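If you use this note's numbering, the sequence shown corresponds to residues 1 to 267, in order.
Structure record follows, encoded as structure tokens.
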Amino acid sequence: MTTTRPEQPAPAYVPGHDLLAGKVVVVTAAAGAGIGASVVRRVLEEGAKAVVFSDTHERRLAEAEEALAAEFGADRVRQRVCDVTDEAQVAALLDVADELGGVDVMVNNAGLGGTASVLEMTDEQWLRVLDITLTGTFRCVRAAGQRMVAAGKRGVIVNNASVIGWRAQEGQAHYAAAKAGVMALTRCSAIDLAPHGIRVNAVSPSLAMHPFLAKVTSDELLAELKSKEAFGRAAEPWEVANVMVFLASDYASYMTGEVVAVSSQQA
């Protein structure tokens, strides 16, 4: 029996405390209004030396860069179009970070969802979701890890997984498999990179509300999903970003290979 929980209001936005002072941070899939964009804003508020953020949407990237530069200073904000399915574009993104002193923190947010029964899902649908969500994350982990090792940096990588990697949900076989893969990639790459002092962790959000989700999801389904959450509401994207920033900061210095749920983990 599913219990419908009353909606609790979101807390007040928490100001920054220089948790990432002096760091160069790279964030993928960050030109919209979701988790990636919230991470970019939060790392700037937390004193990052610079943030390099990417997306596949050139116009939105340029608009986001202009707005952030006006607020935080043009010397702290750079953007580059990057499709994480293209190894050369991932390398070019990290080249921008090299111009600023090299990547200290890599936040891998790029992913692609969709809904299809396994009875009707095509190879193309399956492979597209896996290539962006899982293999794209792998490409970024590998590239950032190589740069950090070469530079002798004790860097941090934070991946965006999902509770779908744990839960069963109708029509989500490809996305669930990809996100479960991100969790396994996080654990194994953490062991590979530990001898170099590089930490790798992931967050696992359940439901984070942003305009694109509202656009592609019916009001009825959103209401049902919210009712299953412990606080009766979706997370604000910045609430997920806060956990990613924590994992990127020295407060999480002994954490690696972990997947942290930003959720009640309810089935």
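By construction, the Cβ of each residue, glycine as well, lies at the ideal position given by its N, Cα and C atoms.
Just so it is clear, the structure is predicted and the values come from calculations on it, not from any experiment.
When DSSP states are grouped into helix, strand and coil, R41 belongs to the helix group. Contact between the region 100–118 and the region 26–41 is present, with at least three C-beta pairs closer than 8 angstroms. Counting only the Cα atoms, R154 lies some 31 angstroms from A176.
When the Cα atoms are used, F246 and V259 turn out to be separated by approximately 13 angstroms.
If you ignore the 5 residues before and after A178, its C-beta comes within less than 6 angstroms of the C-beta of V129, L130, T133 and L134, all in its own chain and listed in chain order.
Excluding sequence positions up to five before and after A241, its CB lies within less than 7 angstroms of the CB of I35, S38, V39 and R42, all in the same chain and listed in chain order. C140 and G165 have their C-alpha atoms some 20 angstroms from each other. Per DSSP, the unbroken beta strand (DSSP E) holding I157 starts and ends at V156 to N160. If you look at Q169, you'll find it isn't in any alpha helix (DSSP H); DSSP assigns it neither H nor E.
Between the C-alpha atoms of E7 and A223 there is a straight-line separation of about 10 angstroms. Assignment of Q8 by DSSP, reduced to helix, strand and coil, places it in the coil class. Rounded to the nearest whole angstrom, the C-alpha separation of M106 and L225 is 30 angstroms.
Of the residues assessed, I191 falls on the exposed side of the cut-off, its CB having fewer than 16 other CB atoms within 10 angstroms.
Taking a contact as a CB-CB distance under 8 angstroms, the pair V262 and E239 counts as one, their CB atoms being some 7 angstroms apart. Restricting attention to P11, R59, H196 and G232, the CA atom closest to the CA of G32 is found in R59.
R233 sits in coil when the DSSP states are folded into three classes, being neither helix nor strand. A straight-line Cα-Cα distance of about 15 angstroms links G171 and L127. Approximately 6 angstroms separates the beta-carbon atoms of M121 and H174; this is inside 8 angstroms, confirming the contact. Between the region 42–54 and the region 62–76 there are three or more inter-stretch CB-CB distances shorter than 8 angstroms, so the stretches are counted as touching. Remark: C-beta atoms of P205 and V163 approach each other more closely than 8 angstroms. Per DSSP, the continuous beta strand (DSSP E) segment holding V26 begins and ends at V24 to V27. Where R76 is concerned, there is no enclosing beta strand (DSSP E), because DSSP gives it neither an H nor an E. Rounded to the nearest angstrom, the gap between the Cα atoms of V27 and A97 is 11 angstroms.
According to DSSP, P205 shares a beta bridge with V262.
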